[in-house]
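Take any residue in the sequence shown, note its place counting from 1, add 188, and you have its number in this note's numbering. Even for Gly, the Cβ is constructed at its ideal location relative to N, Cα and C. Worksheet: one structure, shown below.
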Amino acid sequence: YEAAGIYRAGRHPDHPTFFTGPLWAARQRGRERGWTVIEGLCAHAQPAGPTTRAAYEQLGQHRPGQDFRPPPGWDEGFEFSGRGFAPGEDSEFSDFFAELFGQMGGRRRGGGDYRARGEDHHAKMVIALDDAWTGATRELALRVPQLDAEGRVTLGARTLSVRIPKGVKEGQLIRLTGQGGPGLGGATAGDLYLEVHFAPQERFVVEGRDLHLRLPVAPWEAALGTTLEIPLPAGERVKVRLPAGSQTGRQLRVRGKGIPGEPPGDLFLDLAVMAPEARTPAQKAMYENMAREFQFDARAEWEKNR
Numbered sequence: 189y190e191a192a193g194i195y196r197a198g199r200h201p202d203h204p205t206f207f208t209g210p211l212w213a214a215r216q217r218g219r220e221r222g223w224t225v226i227e228g229l230c231a232h233a234q235p236a237g238p239t240t241r242a243a244y245e246q247l248g249q250h251r252p253g254q255d256f257r258p259p260p261g262w263d264e265g266f267e268f269s270g271r272g273f274a275p276g277e278d279s280e281f282s283d284f285f286a287e288l289f290g291q292m293g294g295r296r297r298g299g300g301d302y303r304a305r306g307e308d309h310h311a312k313m314v315i316a317l318d319d320a321w322t323g324a325t326r327e328l329a330l331r332v333p334q335l336d337a338e339g340r341v342t343l344g345a346r347t348l349s350v351r352i353p354k355g356v357k358e359g360q361l362i363r364l365t366g367q368g369g370p371g372l373g374g375a376t377a378g379d380l381y382l383e384v385h386f387a388p389q390e391r392f393v394v395e396g397r398d399l400h401l402r403l404p405v406a407p408w409e410a411a412l413g414t415t416l417e418i419p420l421p422a423g424e425r426v427k428v429r430l431p432a433g434s435q436t437g438r439q440l441r442v443r444g445k446g447i448p449g450e451p452p453g454d455l456f457l458d459l460a461v462m463a464p465e466a467r468t469p470a471q472k473a474m475y476e477n478m479a480r481e482f483q484f485d486a487r488a489e490w491e492k493n494r
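Dropping the structure here:
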């Protein structure tokens, strides 16, 4: 195998080299079976140029047989392809070997045309939290590495209309059937998997379908208790009863008021008591009066635990 310049794709990083002439079709078929033809096979092999190498370095190649793991720093709208070596395909290597060198000698394999399902593709999709709350349809522009007529890597573009299901979670995959790589010999195309991520929010922290919200409250609200109206995504609101005597750090749980789903998530409110600044003589006098009335030592626990 070393003499032929062929190795298993999983043992070394893939090489960003593209072939011309009869080797091109054979290489593509080999890739579908999990094999890679490396640079230096024969005079037909052409070293990759800067554009090709840059694209490869950005795209990377996940190991065969493993789940897709995007390279560091991959961003929204960049479409990656990757298909691992499938178990049980060892027997096909000799067929590929014969086909490769048969084409170099002007011969073709016996039997019918080669057919292979297209590769599955992966891309990241960043959505607003409101989209997960209600469901939505969004246009997604993708940058797709592709080959031009001369076998060089270029970045093409395509736009898809994507239906975002209500209740989708961070990291969930949306599968678009038939939107991946094209099949060979009339075989079906691969699928496109969109990995969902939420756009950064100032208010909510998302964990699965649960929402966490820091809830500022006034000292008198915390001391006396009250009913608060909490804004939710997509313009919804929910009323929450704040118990009297609540303190900073207390967490209130509102069941079923997280991201919708089966089951829906919960809303967690982390209380933060905020003391207003005393700016006028009257306001300062009120604080002084409170100090006299309450005789409250906020650090009394320190003395107990010494």
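Which class does Arg331 belong to by DSSP, given the choice of helix, strand or coil?
Position 143 of the sequence shown, counted from the first residue, corresponds to residue 331. Strand at Arg331.
Can you list, in chain order, the residues of its chain whose CB lies under 6 Å from that of Leu399, leaving out five sequence neighbours each side?
Locating residue 399 in the sequence shown gives position 211, where the first residue counts as 1. The answer, listed in chain order, is Phe392, Gly446 and Leu455.
Mind checking who Ser349 pairs with in its DSSP beta bridge?
In the sequence shown, the residue the question calls residue 349 occupies position 161. In DSSP, Ser349 forms a bridge with Glu327.
How about Arg331 and Ala320: do their beta carbons lie closer than 8 Å?
As a first step, residue 331 must be located in the sequence shown, where it is residue number 143. As a first step, residue 320 must be located in the sequence shown, where it is residue number 132. Not a contact, by the Cβ cut-off of 8 Å.
Check the C-beta distance from Ala377 over to Ala304 and give it rounded, since I have them as a contact under 8 Å.
Residue 377 sits at position 189 when you count from the first residue of the sequence shown. Residue 304 sits at position 116 when you count from the first residue of the sequence shown. Not quite, the Cβ-Cβ distance comes to about 11 Å (not below 8 Å), so this is no contact.
When burial is assigned at 16 or more other CB atoms within 10 Å of the CB, is Gln471 buried or exposed?
As a first step, residue 471 must be located in the sequence shown, where it is residue number 283. So Gln471 counts as exposed.
Consult DSSP for Leu420 and reduce its assignment to one of helix, strand or coil.
In the sequence shown, residue 420 corresponds to position 232, counting from 1. DSSP places Leu420 in coil when its eight states are reduced to three.
Take Pro404 and list the residues in its own chain whose beta-carbon comes closer than 6 Å to its own, dropping the five residues that flank it on each side.
Against the sequence shown, residue 404 aligns to sequence position 216. Hits under 6 Å: Ala460 and Met462.
Contact set for Gln360: own chain, Cβ-Cβ below 7 Å, skip 5 residues either direction
Numbered from its first residue, the sequence shown carries residue 360 at position 172. Result list for Gln360: Val384, in chain order.
Taking the C-alpha atoms as reference points, what is the distance between Glu338 and Arg351?
Translated into positions along the sequence shown, residue 338 becomes position 150. Translated into positions along the sequence shown, residue 351 becomes position 163. Going from the Cα of Glu338 to the Cα of Arg351 covers about 36 Å.
If we count Cβ pairs, one from each stretch, closer than 8 Å, do we get three or more for the segment 304-319 versus the segment 353-369?
yes
For Thr436 and Glu450, I'd like the C-alpha separation in whole angstroms.
Position 248 of the sequence shown, counted from the start, is the residue given in the question as residue 436. Position 262 of the sequence shown, counted from the start, is the residue given in the question as residue 450. The straight-line gap from Cα to Cα measures roughly 32 Å.
Would Leu343 and Pro333 be called neighbours here (beta carbons separated by less than 8 Å)?
Reading the sequence shown from its first residue, position 155 is the one you call residue 343. Reading the sequence shown from its first residue, position 145 is the one you call residue 333. Yes, the Cβ-Cβ distance between Leu343 and Pro333 is below 8 Å.
Counting C-beta neighbours from all protein chains within 10 Å, is the total for Gly453 16 or more, i.e. buried, or is it exposed?
Along the sequence shown, one-based indexing puts residue 453 at 265. By the neighbour-count rule (16 or more Cβ atoms within 10 Å), Gly453 is buried.
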